[in-house]
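See structure below.
In the numbering used here, the protein residues as written are 34 to 291.
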């Protein structure tokens, strides 16, 4: 676990312990729950970014799913958070150095983007994160051709120059994801370039920044909302795009409020 992951976990634990006012059912009904890397669950052996995790998100009634894509050596886009197979799959190999056939034989549980579109397109909103460098825009566009940008999917990135290089996607389908040191800059950039919005950690997106983005007609989403009181906080301040690593828990809480 990196220092930033440890810090984020500590913040999430703190906010989970701070009591919040229970929101009304009408407000809770506006929440769009997004399963970050699918509805993964270590205790149930459901691995992140696998078909099982995405199927579970669908069963839970999640509005959206978030995942990263990487290209194989023969230009097939596949779903995995990391560029290598080390952390999740125990193989010291890079996705870009393998053909899709080789990858499928080694890790059959890793879906391709084409499979994601076929299985979940228009059933759940797809939030597709791109990591720099990304040189597969045409392949991405072709794979998503059956879907409507903004209505069926958005693209996310922590790398602003990556979006500047895209030409095949409408700007409103692009969502910036700031880190701790560039939140104001990314909010300003999203407004200036008329991107779709900004998604970030709930502690970074303050009331002022949320108001600023909304006045410009941009979308706002926060993560990672993994507890009852964190969820109450976001609903009460009018943030309804909610990314979670504990989708089953958050889904149960929402149903309890509703």
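For glycine and all other residues, C-beta sits at the position ideal for the given N, C-alpha and C.
Which residues does DSSP list as the beta-bridge partners of residue i?
i, result
"residue 160", "99, 187"
"residue 65", "274"
"residue 43", "Residue 43 is not bridged to any residue."
"residue 288", "Paired residue(s): none; residue 288 is not in a bridge."
"residue 252", "230"
"residue 209", "190, 231"
"residue 79", "74"
"residue 104", "110"
"residue 117", "127"
"residue 94", "Paired residue(s): none; residue 94 is not in a bridge."
"residue 145", "111"
Should residue i be labelled buried (16 or more other beta-carbon atoms within 10 Å of its own) or exposed?
i, result
"residue 220", "buried"
"residue 151", "exposed"
"residue 144", "buried"
"residue 242", "buried"
"residue 70", "buried"
"residue 57", "exposed"
"residue 83", "buried"
"residue 46", "exposed"
"residue 267", "buried"
"residue 78", "exposed"
"residue 90", "buried"
"residue 206", "buried"
"residue 92", "exposed"
"residue 248", "exposed"
"residue 254", "buried"
"residue 208", "buried"
"residue 72", "buried"
"residue 193", "buried"
"residue 61", "buried"
"residue 113", "buried"
Which residue wins for smallest C-alpha separation from residue i, given the options the options?
i, options, result
"residue 239", "286, 146, 278, 211", "211"
"residue 102", "125, 257, 241, 190", "190"
"residue 154", "225, 217, 172, 88", "88"
"residue 107", "91, 141, 130", "130"
"residue 224", "202, 251, 200, 199", "251"
"residue 270", "54, 50, 195, 90", "54"
"residue 110", "161, 79, 90, 81", "161"
"residue 173", "80, 202, 61, 114", "202"
"residue 197", "177, 228, 176, 180", "228"
"residue 199", "209, 170, 179, 217", "170"
"residue 139", "62, 85, 246, 118", "118"
"residue 180", "132, 158, 165", "158"
"residue 134", "246, 175, 104", "104"
"residue 85", "226, 246, 149, 60", "149"
"residue 81", "222, 147, 278", "278"
"residue 217", "226, 204, 245", "245"
Please state the DSSP three-state secondary structure of residue i.
i, result
"residue 60", "helix"
"residue 182", "strand"
"residue 200", "coil"
"residue 74", "strand"
"residue 109", "coil"
"residue 239", "coil"
"residue 168", "coil"
"residue 132", "coil"
"residue 260", "coil"
Please confirm if the stretch 254-266 is in contact with the stretch 234-243, defined as three or more CB-CB distances below 8 angstroms between the two stretches.
yes
Tell me whether the stretch 63-76 and the stretch 94-103 touch, counting them as touching only if at least three CB pairs, one residue from each stretch, are closer than 8 angstroms.
yes
The stretch 277-290 in contact with the stretch 250-259 per 3-pair CB rule at 8 angstroms:
yes
Sufficient close CB pairs (3 or more, under 8 angstroms) joining the stretch 177-193 to the stretch 112-130
no
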